[in-house]
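*Asks:* Quick mapping for you: the protein sequence lines, in order, are chains A and B.
Following the working numbering, the numbering of the first sequence begins with 6 at its first residue and continues without gaps.
Following the working numbering, the numbering of the second sequence begins with 4 at its first residue and continues without gaps.
No residue lacks a Cβ here, since even glycine has one placed at the ideal position from N, Cα and C.
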Amino acid sequence: MLQVHHLSKSYNEAHVLKDIRFSVAQGEFFGILGPNGSGKSTLLKLLSGVEKASGGDIQINGEPIERYSRKQLSRFLAVLQQESLPPVNFTVKEIVEMGRYPYQNWLGEEKDDQSGIVDSILEKLRLVDLQDRSLQHLSGGERQRVALGKVMAQKPSLLLLDEPTTYLDIGYQIQMMDLIKTWQREEKLTVVAVLHDLNLASIYCDRMLMISQGEAISIGTPEEIMRSELIERVYGTTPIIVEHPVHKLPQIMLQGGIIE
Amino acid sequence: MIWGGAGLALLLLSVVVSLSMGTASLPISQVWGILWHQLPFVGHWVTPDWPVSSEQIILKVRLPRILLAILIGACLSLAGAGFQGVLRNPLADPYTLGVASGSAVGAAFIILFGLQVALLGQWTISAVAFVTGMLSLFIVLRLAVINGKFQLETLILSGVVVQAFLGSMVSFMVSLSDKVINEIVFWLMGSLSLRGWSFTFMLVPYFLIGIAVLLSYGRTLNLFALGERQAEHLGVNVVRTRMIVLCVSTLITAAAVSVAGTIGFVGLVVPHLVRLMVGPDYRILLPVTAIFGGIYLLWADTLARMLLSPTEIPLGVVTAFLGAPFFAYLLRKNKKRLGA
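1. State the DSSP-derived secondary structure class of residue 315 of chain B, mapped to helix, strand or coil.
2. Looking at chain A, which residues of the segment 131-159 of chain B have a Cβ within less than 9 Å of any of its Cβ atoms?
3. Specify the secondary structure class of residue 115 of chain A as computed by DSSP and reduced to three states.
4. Skipping 5 residues on each side, what residues in its chain have a beta carbon closer than 7 Å to that of residue 6 of chain B?
5. Just confirm the distance between the C-beta atoms of residue 172 of chain A and residue 89 of chain A, as a whole number of angstroms; I'd bet it's less than 8 Å.
6. Hey, is residue 89 of chain A's beta-carbon within less than 8 Å of any beta-carbon in chain B?
7. Helix, strand or coil: which one does DSSP assign to residue 180 of chain B?
8. Say whether chain B places a C-beta atom closer than 8 Å to the C-beta of residue 86 of chain A.
9. Would you tell me roughly how many angstroms separate the C-alpha atoms of residue 300 of chain B and residue 260 of chain B, rounded to the nearest one?
10. Which runs of the alpha helix (DSSP H), 4 residues or longer, sit entirely within the segment 82-120 of chain B?
11. For residue 235 of chain B and chain A, any beta-carbon pair shorter than 8 Å?
12. In this structure, how does DSSP classify residue 301 of chain B when only helix, strand and coil are distinguished?
13. What residues from chain A crowd round residue 283 of chain B, counting only those whose CB sits closer than 7 Å?
14. Between residue 257 of chain B and residue 318 of chain B, which are expected to be in contact by the criterion C-beta below 8 Å, what is the C-beta distance as a whole number of angstroms?
15. Is the CB of residue 200 of chain A under 8 Å away from at least one CB in chain B?
16. Is the Cβ-Cβ distance between residue 228 of chain B and residue 283 of chain B less than 8 Å?
17. Between residue 21 of chain A and residue 15 of chain A, how many whole angstroms is the CB-CB distance? I'm expecting something under 8 Å.
18. For the pair the segment 241-250 of chain B and the segment 61-73 of chain B, tell me if three or more CB-CB distances fall below 8 Å.
19. Hey, does residue 113 of chain B have any beta-carbon neighbour from chain A nearer than 8 Å?
20. Across the segment 169-176 of chain B and the segment 45-65 of chain B, are there enough close Cβ pairs to call them in contact, namely three or more that are closer than 8 Å?
21. Measuring straight from C-alpha to C-alpha, what distance separates residue 168 of chain A and residue 36 of chain A?
22. Could you tell me the distance, in whole angstroms, from the CA atom of residue 31 of chain A to the CA atom of residue 66 of chain A?
23. Taking just the CA atoms, how far does residue 265 of chain B sit from residue 190 of chain B?
24. Residue 332 of chain B to residue 213 of chain A, Cα distance in whole Å?
25. Can you list the residues of chain B that residue 111 of chain A reaches, using a CB-CB cut of under 7 Å?
26. So what's residue 58 of chain B in DSSP terms, helix, strand or just coil?
27. Is the beta carbon of residue 104 of chain A sitting closer than 8 Å to the one on residue 217 of chain A?
28. Let me confirm a value: residue 336 of chain B is counted as buried when at least 16 other C-beta atoms fall within 10 Å, else exposed. Which label applies?
29. Report buried or exposed for residue 1 of chain B, applying the criterion of at least 16 other Cβ atoms within 10 angstroms of its Cβ.
30. For residue 320 of chain B, which residues in the same chain have their Cβ closer than 7 Å to its Cβ, ignoring the five residues on either side in sequence?
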């Protein structure tokens, strides 16, 4: 589905990414982890085609990403961003309908009647009661759910997540990740997610890539990545690793340095 | 749809009422009759029972001026909506990229050296103002482009810089001209007097191109409201869209300014006003903005020629004098409604 070969990116003299290599199979949930400034957001910008790589290449479905036009790309690649939507005066339903943009001609029409898509998404995300409300009057968590609805309406086969839970409280974080995971299972969706919460990543990702200072440190399953010495090397803090009592997956517990 | 219909009805009514107003006051029924008589096929239904002079005043003097006012109002408001949409900046107006000051330099130069009819007869000022206006857009774009692409902030700042520079040139030329009543200043404040049909016809193609292109970008501008990155992820070619919308908006602005001078406030206020009425959807916002821009400038011009008749008040003075307080009132009312 997605292959990344020797990818590098530099701005002027600063090398932000160096020789990144990985591939993601169809239907996989792939996490990208790393400390602040490690280059994970830059990596996502390259993967979404917003910025061009300085070296190496990205292939999606066997074609280099530059081959696709912006519109073609948006028919199979969607991005859920960190910041939720701005408080504009459009209704929830209008925003979700905007996700159909890549399939519409200049008059806003689609080949076949696709109005069912938007309605079923509103239902699935429990947005039916809110559909005629203006985005201005919604909370941050609700707005992020609308953003997810818009991304779903794009019907992508590859979904990129850019720390989508950053500004959400724990209730909404789990709700958001569960909605994405369910969607992924139902549609055999490939997900590439930049996450900064290691515990969340461990629960939801099949494999993950740890990067630090623009270089790939390790790729593997949560058990292979969530190791005390690896995390210490990358983050400069030594956590305690425990097994999640229900999911049987590694979780970290932080320990402060000055507590007796 | 409702707003569009209501707007068109109001526009038509405004035209008829405004036609009847002037130094020679004509009854509205007569105005209807004269207009109706001009229509093909149904024109013979009314028999002319009015003096020829009335018909002359209506058709040769007032009607072209009124239509010109509507066209200019529509052009400036459309351009304002385009600028606000693509720059996502509520303070953007058609003059953000320095077109007005560019045109002003050209016009001031011509007036200062008394070349008003030298090159192209009555067209001289307009033609020169149009060229210098577009030239200033070109300079602004050149300044803003770094390594083949431009940042939004750089673009707006380039506009400010170029405007300041050109503005000082205009002031310099104003100070050089030694007439008591300074013609340059009057041009800057805008006027529609003594333009005639030829200028009205000249503006029509610009308006049609402008509204057609902008309307075709209506849905795209809606996505811009969510942010450029969001729009890009939805398949919008952000750079190209921004370029086309800015250039087309500037083109129709330059056309309007070259005919009527720099009429302020229309392009800023009308899109905001219409947004409060019909909501943020550009597919509806753009046509309604054009209609209400036309109405606004028509009434501003009617007041400009009526209030101190026979002296005319500069049009730009009227638009700002009416527009600013009204806009302030609307803003406050809207904020209160939102409870903020």
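*Replies:* For this structure:
1. Coil.
2. When CB distances to chain A are screened at a threshold of 9 Å, not a single residue of the segment 131-159 of chain B falls below it.
3. DSSP places residue 115 of chain A in coil when its eight states are reduced to three.
4. Its chain contains 280, 281, 291 as the residues whose beta carbon lies nearer than 7 Å to that of residue 6 of chain B, once the 5 sequence neighbours on both sides are disregarded; these appear in chain order.
5. With 8 Å as the limit, residue 172 of chain A and residue 89 of chain A qualify as a contact, their Cβ atoms being about 7 Å apart.
6. Answer no: the Cβ-Cβ gap between residue 89 of chain A and chain B never drops below 8 Å.
7. In the structure shown, residue 180 of chain B sits in coil (DSSP, three-state: anything other than H, G, I, E or B).
8. Yes, because at least one Cβ of chain B sits closer than 8 Å to the Cβ of residue 86 of chain A.
9. Roughly 13 Å between the two C-alpha positions.
10. Complete alpha helix (DSSP H) runs here, min 4: 102-115.
11. Residue contact check for residue 235 of chain B against chain A: a CB pair falls below 8 Å.
12. Of the three classes helix, strand and coil, the one that applies to residue 301 of chain B here is helix, per DSSP.
13. What residue 283 of chain B touches in chain A: 93, 94, 95.
14. The pair is not a contact, with the Cβ atoms about 17 Å apart (cut-off 8 Å).
15. By this cut-off, residue 200 of chain A is not an interface position.
16. Cβ atoms of residue 228 of chain B and residue 283 of chain B: closer than 8 Å.
17. Cβ-Cβ separation between residue 21 of chain A and residue 15 of chain A: approximately 6 Å, consistent with a contact (criterion under 8 Å).
18. They do not touch, by the three-pair rule.
19. So no, residue 113 of chain B is outside the interface.
20. Cβ pair count under 8 Å is below three, so no.
21. Using only the alpha carbons, I get a separation of about 10 Å.
22. Rounded to the nearest angstrom, the gap between the Cα atoms of residue 31 of chain A and residue 66 of chain A is 10 Å.
23. One C-alpha to the other measures close to 8 Å.
24. Distance between the alpha carbons of residue 332 of chain B and residue 213 of chain A is about 56 Å.
25. Correct list: 219.
26. In the three-state scheme derived from DSSP, where H, G and I count as helix and E and B as strand, residue 58 of chain B is classed as helix.
27. Contact: no.
28. By the 10 Å Cβ count, residue 336 of chain B comes out exposed.
29. Absent from the model: residue 1 of chain B. The displayed extent of chain B is 4 to 343, so no value can be given.
30. If we look at residue 320 of chain B and ignore the five residues flanking it on each side, its Cβ neighbours are 192.
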